[in-house]
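If you're matching them up, the sequences are chains F and V in order.
Offset between the first sequence (1-based) and this note's numbering: plus 162.
Offset between the second sequence (1-based) and this note's numbering: plus 162.
We put the beta carbon where it would ideally sit given N, CA and C, even for glycine.
Protein chains: 2
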Amino acid sequence: MPGNIQSIERAAAILRLLSGRTRRLSVGDMAAELGLPKATAYGILRTLQSVGFVEQDAETGRYQLGAALLHMGSSYLDGNELRTRALNWADSLAARAGESVRIGTLHNGEVLIVHHVFRPDGSRQALDVGSLQPAHAGALGKALLAFGGLGIGIGSLEHEPLAQYTPATITDPDRLREELDAIRARGWAMDRQELVDGEVGYAAPIQDRRAMTVGAIGVSGPVERLSEDGEARADLIAYVREAARAVSRELGALRW
Amino acid sequence: MPGNIQSIERAAAILRLLSGRTRRLSVGDMAAELGLPKATAYGILRTLQSVGFVEQDAETGRYQLGAALLHMGSSYLDGNELRTRALNWADSLAARAGESVRIGTLHNGEVLIVHHVFRPDGSRQALDVGSLQPAHAGALGKALLAFGGLGIGIGSLEHEPLAQYTPATITDPDRLREELDAIRARGWAMDRQELVDGEVGYAAPIQDRRAMTVGAIGVSGPVERLSEDGEARADLIAYVREAARAVSRELGALRW
DNA sequence: ACGACCGTTTGACAATGTCGTACGACGGTC
DNA sequence: GACCGTCGTACGACATTGTCAAACGGTCGT
């Protein structure tokens, strides 16, 4: 049976749909969007609800994601070797750099944040573990693309135009290719306000025992602190690269 | 079709199984545990893998939870009204109390942590959003049980014996019932090292516009700081109750 | 070289999910 | 206040779909 189970694929599509919209969705909305009969969508939703993957608003009858997914998401983190091994190194990188640290991995052409350490100054910051970033903007994403294992290189990005987030975002595929070549050559990536205005970041790839890039670690923060007259801060780069090597070593990458 | 979709239920059972074990599981393990033919479990796993809900270890062939679940879990948080409305209040409660703050909600007889603010002293703390706590130990759980809407009261806990976590854990159902009555009478719950040795906590219920308890908010920390000679700290209780009322008000609970 | 286990594939059967249709309830509108 | 549209939900017939026993080709430990 080399085919996939239809109902499960559809259930996943519904969940994906719900995770995209913040607003709660009605049965009809989802059925229309997925091209399913309303009754079919309803049956799937009823089942998803009974297992806790979706919840129904008692007043409007509309559906939203369920709490069981939150717990499963955090269970995923527990079993994630990259994150587990990197915990301590991320902490110490944050302490040395004095900036917030993120660890990301490539997931469907985007960067999934699997760990996030706040800047150690007690300021209020929103945790964004579990959030997705574009791969072509941001230091983590560029590092992952440049060293991308499994052939998940820039190729997968060529289907659609590169979105522009700030004036500095690289949207030309050729320019991005050059940038990635440069990153590969020097071993680290820099984001110069390409994802968020006023924010810069540095990142380096993490590799596992088969020398495959499985993630990236980096720091980010306001341009005023993280660059000097528009130039990269060599000390931060060193910290980030050391942290990346340390994590890679923990994962069994012998070559480091 | 008032029945549920079998394959989706089975898929959910597999995911639940994987989220329980930290170790990766083999097809045979799961099939045996769920009483399914191996080939059936395999078909479900293949589908779950193709939608990113599970991943397969390239070396051992075993399965673990997938990254898509992490993103969906965080999407759940975005759409969660309780958490969204409570964000600011949780921050200010943490600042006033000087201790870590948690917000939890009842999920299948356990407390699911939906928000967590670190103690504002910059010390290293592990985020446990998404983790589950027992309901009969811990201030959040007891507050939720005491004010539990939807009839999710202590009754649901009587099927199995109450687990003992520390010497102070309440394991006798009658004692727990008394404790819950007392909590309901005074409007707040206290955990005196009942969940973790050396740790105490305070919590109060959060209600929505229909006066239904939808969550609880509380602080917790070391017994040395959070109690005075074994007695409850009145100031902390006031802070916690004020925060709970503030969130309830935001949710539209008019009675507050 | 054996045996035990692994993940995976196959193919036939019927149980299973699908989907057109219809019901009752709610919320606007003229 | 009767109308209309839309909502979530229920029913039931059909055949698509998923299920399952058995077997395949690995890899490991022996």
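Counting only residues of its own chain and dropping the five nearest sequence neighbours on each side, residue 333 of chain V has a CB closer than 6 Å to the CB of 324, 326. Taking a C-beta distance under 8 Å as the contact criterion, residue 381 of chain F and residue 402 of chain F qualify as a contact pair. The CB of residue 292 of chain V comes closer than 7 Å to the CB of 232, 233, 235, 236 in chain F, given here in chain order. Listed in chain order, the alpha helix (DSSP H) runs fully inside the region 209 to 246 of chain V are 229 to 241, counting runs of at least 4 residues. Secondary structure at residue 202 of chain V: helix, using DSSP grouped into helix, strand and coil. Judged by DSSP secondary structure, residue 351 of chain F falls within the beta strand (DSSP E) whose first and last residues are 351 to 354.
If one requires a minimum length of 3 residues, the beta strand (DSSP E) runs lying completely within the region 270 to 297 of chain V are 272 to 279, 294 to 296, in chain order.
For residue 408 of chain V, the three-state secondary structure derived from DSSP is helix. Boundaries of the alpha helix (DSSP H) around residue 386 of chain F: 385 to 388. For the pair residue 367 of chain V and residue 305 of chain V, the CB atoms are nearer than the 8 Å cut-off. Along the region 177 to 189 of chain F, the positions whose C-beta sits under 9 Å from a C-beta of chain V are 177, 178, 180, 181, 182, 183, 184, 185, 186, read in chain order. Straight-line spacing of the CA atoms in residue 413 of chain F and residue 392 of chain V works out to 46 Å. Ranked by how close their Cα comes to the Cα of residue 293 of chain V, the residues F:240, F:168, F:348, F:179 have F:240 in first place. A straight-line Cα-Cα distance of about 33 Å links residue 251 of chain F and residue 356 of chain V.
Residues 196 of the same chain have their beta carbon placed closer than 6 Å to that of residue 175 of chain F, with the five preceding and five following residues left out of the count. If you draw a straight line from the Cα of residue 371 of chain V to the Cα of residue 335 of chain F, it comes to about 52 Å. Counting only Cβ-Cβ distances below 7 Å, residue 286 of chain F has contacts in chain V at 253, in chain order. Pairing residue 309 of chain F with residue 221 of chain V, the inter-Cα distance amounts to about 21 Å. If you look at residue 361 of chain F, you'll find it in the beta strand (DSSP E) that goes 361 to 369.
In this structure, residue 215 of chain V lies away from residue 194 of chain V, with their beta-carbon atoms at least 8 Å apart.
Scanning its chain for C-beta atoms nearer than 7 Å, with the 5 sequence neighbours on each side dropped, one finds around residue 290 of chain V the residues 275, 278, in chain order.
Judged by their CB atoms, residue 296 of chain V and residue 322 of chain V are not nearer to each other than the 8 Å cut-off. Shortest Cα-Cα distance from residue 345 of chain F to any of F:389, F:361, F:298 involves F:298. Nearest Cα to residue 223 of chain V within the set V:189, V:253, V:243, V:364: V:189.
In the three-state scheme derived from DSSP, where H, G and I count as helix and E and B as strand, residue 325 of chain V is classed as coil. Here residue 184 of chain V is exposed. Its C-beta has fewer than 16 other C-beta atoms within 10 Å. Counting along the chain, residue 167 of chain F sits inside no alpha helix (DSSP H), nor does DSSP assign it H or E at all.
Within the DSSP bridge table, the entry for residue 268 of chain V names V:273 as partners.
Between residue 388 of chain V and residue 409 of chain V the beta-carbon gap is near 21 Å, outside 8 Å, which marks them as no contact. Excluding its 5 nearest sequence neighbours in each direction, residue 395 of chain F has C-beta neighbours in its own chain below 7 Å: 388, 389, listed in chain order. Counting along the chain, residue 189 of chain F sits inside the alpha helix (DSSP H) bounded by residues 189 to 196. Within 10 angstroms of the beta-carbon of residue 181 of chain V lie 16 or more other beta-carbons, which makes it buried. Going by C-alpha positions, residue 331 of chain F is about 21 Å away from residue 265 of chain F. The alpha-carbon separation between residue 347 of chain F and residue 209 of chain V amounts to approximately 39 Å. DSSP, reduced to helix, strand and coil, places residue 299 of chain F outside both helices and strands of the structure shown, so it counts as coil.
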